[in-house]
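Start counting the sequence shown at 4; every next residue gets the next number (the numbering used here). Where a beta carbon is used, it is the ideal one built from N, C-alpha and C, also for glycine. Everything below concerns the one structure shown next.
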Amino acid sequence: MEELEERLENIERILGISDEAEVSPSSVDVQSVKSLLTSRGANCVMKVPLEKLKKLDDLVMKKPESRASSYRTIEMCEDLIRQRAQLLEEFDNSLKVVLNTDSLTAVTSHEAELQRAEEDVKQALRIWKDHSREIESFKDELQAVLDALYTKLTDLEEKAAKLNSPEA
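Okay, structure coming up:
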């Protein structure tokens with residue numbers, strides 16, 4: 004049990020949520036992190052207003068009522084904690100790829116190719132619309148011919164029926 008308590012205290016110290024914490028929540032300068040991310044082209048990562056982050060920080064940093072409550076919380080949320088840790092690791096790996104300066108600088112070089120592809124798509128759309136109109140027109144003409152043939156065939160059947168009837 005003591006080993007478990009020591010591990011819990013160590014985690015709390017690392018996260019800055021114990022009285023003996025090595026890190027404090029105020030030691031993280033959110034503004035500098037924001038400007039660093041912005042300078043590296045990740046403007047959309049931290050769009051949450053600072054006021055909301057501070058409210059969230061106040062909510063998260065509340066002291067648990069007792070050690071037992073800490074244990075229960077950790078036990079109940081262990082799977083979720085592991086899942087979130089995995090997601091954070093995946094996010095970190097993805098962020099490294101995104102923040103790779105070679106990738107970010109290559110974006111502008113692909114702009115011309117993207118515009119050519121967009122023009123190709125627009126041209127293909129115009130061609131498709133033209134063909135669609137032609138097909139629609141052909142369908143309408145075919146329907147008119149079929150209607151005329153149907154009418155003619157109905158007339159011929161009526162005449163043939165009159166010729167074959169004994170009254171004729």
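{"Asked": "What did DSSP end up calling R129 once you bin it into helix, strand or coil?", "Found": "helix"}
{"Asked": "Which of the three DSSP states is assigned to R43 in this structure?", "Found": "coil"}
{"Asked": "Just the Cα atoms here: how many angstroms apart are R129 and E122?", "Found": "10 angstroms"}
{"Asked": "Whole angstroms are fine: how far does the CA of R119 sit from the CA of A24?", "Found": "Unreliable positioning characterises A24 in this predicted model, as indicated by a pLDDT of 48, which lies under 50. The coordinate reading is nonetheless provided below. Using only the alpha carbons, I get a separation of about 56 angstroms."}
{"Asked": "Which two residues bound the contiguous alpha helix (DSSP H) that contains N96?", "Found": "R70 to V101"}
{"Asked": "Can the beta-carbon of G44 be found less than 7 angstroms from the beta-carbon of L117?", "Found": "no"}
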